[in-house]
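In this note's numbering, the protein residues as written are 9 to 402.
Written out below as structure tokens is the structure these notes cover.
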Ligand SMILES: C[C@H](O)[C@H](O)CC(=O)C(=O)O
Ligand SMILES: [Mg+2]
């Protein structure tokens, strides 16, 4: 049965938190001397905003059907992604049935392949794909997780990413992922400080609580190996995104180098089934972490997840808020999810994409019930108090 066709495509930008979660005010833990590949330049070491981590802002994609139903999604991408959506991708959407998401994805990907494949263009495609699924759910009056096959468990369990795993433990999370603060440019002293911070957290949370380090692409193989070995006795569960996402060979070596039992994770800056196939075939990681707003959307994530499942690998999406919740609840090889603590001190639970969405569920005692997702589409609305900017009307 044909659904109401897409009549309007609109792409907006908005600043201040939300899907561009690095776009926070001064003093936020997420911008307080976090190790990055730019930290080799002292001028860009203290703050990620100093090198422009938040220049893009949030992209909001809105698709309105002939019957007035609106589906929408948010991701990172700002003005350049808005241009791509309005001026290029909209031709594959207007007049089309949203149930044709496979063909639409294919057309968006192959029509942009000559300047796309990864990064910003795939963010834009992901935003459109998520808005399509939201619209489809709203037209069918079904939550996205139903359309993905239904829940395989009753609730989602979360680990928390932020500066305070000790508080995360009190809040009921199953683990805490710390941002690594010092990279190779800060030498042995920085390495010792990284180990000391983990030791301090381990003393606070006890032996059984998961502790992980997110290295945000900032290390080299030698440093990552030494960090992993130094943190092994402190029970570091995984070392995340230690190397450049392009260094598949380095990840394969790192996996061989880390102490037995420690996991290597990566993938938040990887995209599409082809990028993840590379990570899988080169044995780069134990857990894949696609961001649903950056990897190609739900349509592509289904393929990535199936590839990973066939190889016995877990897929635990990076951040992604409701887009992750609706996916993770449907997959056996996604047994838990990430919750990014967007409170400035990481001492309280606030919605991951605050303040841009209304109705965004948050973990209580580290969990979200599947029933909290029982609303059409992704179950959230745009916050009408947030003013949007539409730079390139099609
Ligand atoms: C904390 C990390 O540096 C980054 O901001 C978020 C991230 O990579 C993650 O949540 O994973
Ligand atoms: Mg990460």
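All residues carry an ideal CB built from backbone N, CA and C; glycine is no exception.
Minimum C-alpha distance to residue i - residue among the options
{"i": "residue 241", "options": "254, 231, 203, 99", "result": "203"}
{"i": "residue 392", "options": "363, 371, 380", "result": "363"}
{"i": "residue 64", "options": "30, 171, 39", "result": "30"}
{"i": "residue 108", "options": "10, 53, 34", "result": "10"}
{"i": "residue 279", "options": "340, 297, 268, 263", "result": "297"}
{"i": "residue 86", "options": "254, 128, 151", "result": "128"}
{"i": "residue 26", "options": "389, 13, 286, 399", "result": "389"}
{"i": "residue 373", "options": "386, 357, 361, 217", "result": "357"}
{"i": "residue 135", "options": "123, 180, 164, 91", "result": "91"}
{"i": "residue 88", "options": "59, 114, 123", "result": "123"}
{"i": "residue 161", "options": "339, 285, 221, 51", "result": "339"}
{"i": "residue 227", "options": "399, 23, 199", "result": "199"}
{"i": "residue 224", "options": "45, 22, 20, 34", "result": "45"}
{"i": "residue 42", "options": "33, 57, 28", "result": "57"}
{"i": "residue 102", "options": "70, 211, 13", "result": "13"}
{"i": "residue 303", "options": "32, 78, 133, 93", "result": "133"}
{"i": "residue 194", "options": "286, 264, 277, 47", "result": "47"}
{"i": "residue 176", "options": "349, 365, 381", "result": "349"}
{"i": "residue 343", "options": "116, 125, 165", "result": "165"}
{"i": "residue 190", "options": "130, 50, 70, 253", "result": "50"}
{"i": "residue 62", "options": "34, 70, 69, 71", "result": "34"}
{"i": "residue 104", "options": "16, 337, 329", "result": "16"}
Rounded Cβ spacing between residue i and residue j (contact assumed at less than 8 Å)
{"i": "residue 248", "j": "residue 273", "result": "5 Å"}
{"i": "residue 156", "j": "residue 335", "result": "7 Å"}
{"i": "residue 295", "j": "residue 322", "result": "5 Å"}
{"i": "residue 96", "j": "residue 120", "result": "7 Å"}
{"i": "residue 219", "j": "residue 262", "result": "Not really, about 18 Å apart at Cβ, beyond 8 Å."}
{"i": "residue 345", "j": "residue 333", "result": "7 Å"}
{"i": "residue 312", "j": "residue 281", "result": "6 Å"}
{"i": "residue 73", "j": "residue 147", "result": "6 Å"}
{"i": "residue 213", "j": "residue 174", "result": "6 Å"}
{"i": "residue 310", "j": "residue 284", "result": "Actually they are not in contact, since the Cβ atoms of residue 310 and residue 284 sit about 12 Å apart, beyond 8 Å."}
{"i": "residue 150", "j": "residue 384", "result": "6 Å"}
{"i": "residue 368", "j": "residue 360", "result": "7 Å"}
{"i": "residue 21", "j": "residue 397", "result": "5 Å"}
{"i": "residue 250", "j": "residue 232", "result": "4 Å"}
{"i": "residue 152", "j": "residue 145", "result": "5 Å"}
{"i": "residue 138", "j": "residue 81", "result": "3 Å"}
{"i": "residue 221", "j": "residue 244", "result": "6 Å"}
{"i": "residue 217", "j": "residue 183", "result": "6 Å"}
Buried or exposed (CB count within 10 angstroms, at least 16 for buried), residue i
{"i": "residue 111", "result": "exposed"}
{"i": "residue 306", "result": "buried"}
{"i": "residue 376", "result": "buried"}
{"i": "residue 318", "result": "exposed"}
{"i": "residue 347", "result": "buried"}
{"i": "residue 192", "result": "buried"}
{"i": "residue 36", "result": "buried"}
{"i": "residue 449", "result": "Residue 449 lies beyond the range of the chain shown here (9 to 402); nothing can be said about it."}
{"i": "residue 76", "result": "exposed"}
{"i": "residue 18", "result": "buried"}
{"i": "residue 169", "result": "buried"}
{"i": "residue 106", "result": "buried"}
{"i": "residue 378", "result": "buried"}
{"i": "residue 54", "result": "exposed"}
{"i": "residue 201", "result": "exposed"}
{"i": "residue 28", "result": "buried"}
{"i": "residue 79", "result": "buried"}
{"i": "residue 257", "result": "exposed"}
{"i": "residue 276", "result": "buried"}
{"i": "residue 142", "result": "buried"}
{"i": "residue 178", "result": "exposed"}
{"i": "residue 172", "result": "buried"}
Query - Below 7 Å from a heavy atom of ligand 1 - residues by beta-carbon - result: 30, 38, 42, 169, 185, 187, 222, 224, 248, 249, 276, 297, 326, 327, 346, 348
Query raised in the report: Curious, which full-length beta strand (DSSP E) runs of at least 3 residues does the stretch 165-214 contain?
Result: 183-187
**Report entry** Uninterrupted beta strand (DSSP E) stretches inside the stretch 218-250 (no shorter than 3 residues)
**Finding:** 218-222, 244-248
Report task. Output the residue ranges of the beta strand (DSSP E) runs that lie fully inside the stretch 259-305 and measure 3 residues or longer, sorted by chain position. Result -> 271-274
Query - Every unbroken beta strand (DSSP E) inside the stretch 345-377 [3 residues or more] - result: 345-348, 375-377
Query raised in the report: Unbroken beta strand (DSSP E) runs of length 3 or more, entirely within the stretch 11-42: which are they?
Result: 14-22
Requested in this report: Run through the stretch 71-142 for me and flag every whole alpha helix (DSSP H) of 4 or more residues, listed as ranges in chain order.
Outcome: 86-91, 109-119
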